[in-house]
């Protein structure tokens, strides 16, 4: 029996929801089931461990983890699972998210975390869909349609630009 694609989304803080709501909307748009939890690598390390260790058993094909500042959450989760982890660095006031980006991207050999742009939650959802599409053909089809929609939007913008240029 083939189960539906499922993603575990973990926020390092409830304040990350403002950025991550677009990720959740994109997952929904692709028809991907998800669970979303708040869990801190530093304040609730045992819960982080448990979420990561149980992800595969619960049928999650991918984990998306958002964190700011020290941003250890994606790496801690990756250390405890073989499920692919995508890290979303969250912009903070102190270093504009560069601290989070480097914390997530600079993982030691053997513990990879795929990393998207600072506040790049939509791309995290698209990457999760691409990872899951290896197993779920329906996602390959939805991704193809999504990419065509993106191309159509650019083409429409080009038409408008050409009209502006022509009419000066």
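Numbering (this note's numbering), first residue to last: 8 to 175. Positions of the beta carbon are idealized from the N, C-alpha and C atoms, including for glycine.
Inset, instruction - Please go through the same chain and pick out, in chain order, the residues whose beta-carbon is closer than 7 Å to the beta-carbon of residue 173, but skip the five residues on each side of it. - result: none
Inset, instruction - Grab me the residues of residue 59's own chain with a C-beta within less than 6 Å of its C-beta, minus the 5 sequence neighbours each way, in chain order. - result: 84, 87 and 88
Inset, instruction - Identify, in the order they occur along the chain, each residue of the same chain with its Cβ nearer than 6 Å to the Cβ of residue 80, setting aside the five sequence neighbours on each side. - result: 19, 48, 72 and 74
Inset, instruction - Kindly identify the DSSP beta-bridge partner or partners of residue 88. - result: According to DSSP, which records beta bridges pairwise, residue 88 is partnered with nothing at all.
Legend entry - CA-to-CA distance, residue 110 to residue 54, given in whole angstroms: 20 Å
Inset, instruction - Give every residue of the same chain whose Cβ lies closer than 7 Å to the Cβ of residue 97, excluding the five residues on either side of it in the sequence, and list them in chain order. - result: 23, 26, 73, 74, 75, 104, 107 and 126
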